[in-house]
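Residue numbers (my numbering): 16 to 139.
Glycine residues also receive a C-beta, built at the ideal position from the N, C-alpha and C atoms.
Only a predicted model underlies this, so the values are computations on that prediction, with no experimental measurement involved.
Here is the structure we will look at.
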């Protein structure tokens, strides 16, 4: 990951590029690249982002939201949408590519949050 612009104190305006694993059938050597920006951020509350990626030209949008609970715990909500631009490739590749690049999200969040304390997964 390369940070191109830090953004403000909450991270709003942050611009970065990322390299990540993608399925080898995309013929990019198993590497994808994205250009991402944080479009809205509130300290200890919210981070909303937009990303454009390749080799399957796509757009991802999402957010991370923290909600403090009455018992002193915090609930993290993560949501992301993914859209492949090419209509034919969208039909065949959008779902499997997004699943492949997102498969480790839960483990990553659980590991990172585990550094702060006990983690309990809440299923919707």
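Residue i versus residue j: straight-line alpha-carbon distance, rounded
{"i": "residue 91", "j": "residue 136", "result": "10 Å"}
{"i": "residue 67", "j": "residue 17", "result": "15 Å"}
{"i": "residue 87", "j": "residue 42", "result": "48 Å"}
{"i": "residue 112", "j": "residue 38", "result": "7 Å"}
{"i": "residue 122", "j": "residue 102", "result": "31 Å"}
{"i": "residue 63", "j": "residue 89", "result": "18 Å"}
{"i": "residue 120", "j": "residue 110", "result": "16 Å"}
Short CB-CB distance (under 8 Å) between residue i and chain C
{"i": "residue 34", "result": "Protein chain content of the structure displayed is limited to a single chain, and chain C is not contained in it."}
Beta bridge counterpart(s) of residue i as assigned by DSSP
{"i": "residue 32", "result": "17, 50"}
{"i": "residue 117", "result": "In DSSP, residue 117 forms no bridge with anything."}
{"i": "residue 79", "result": "62, 93"}
{"i": "residue 73", "result": "68, 99"}
{"i": "residue 57", "result": "61"}
Residues near residue i by beta carbon distance below 8 Å, same chain, minus five either side
{"i": "residue 24", "result": "58"}
{"i": "residue 69", "result": "43, 47, 48, 49"}
CA nearest to the CA of residue i, picked from the options
{"i": "residue 32", "options": "82, 19, 130", "result": "19"}
{"i": "residue 82", "options": "115, 60, 117", "result": "60"}
- Query: Any contact of the region 87 to 102 with the region 45 to 57, i.e. 3+ C-beta pairs under 8 Å?
  - Reply: Touching, no.
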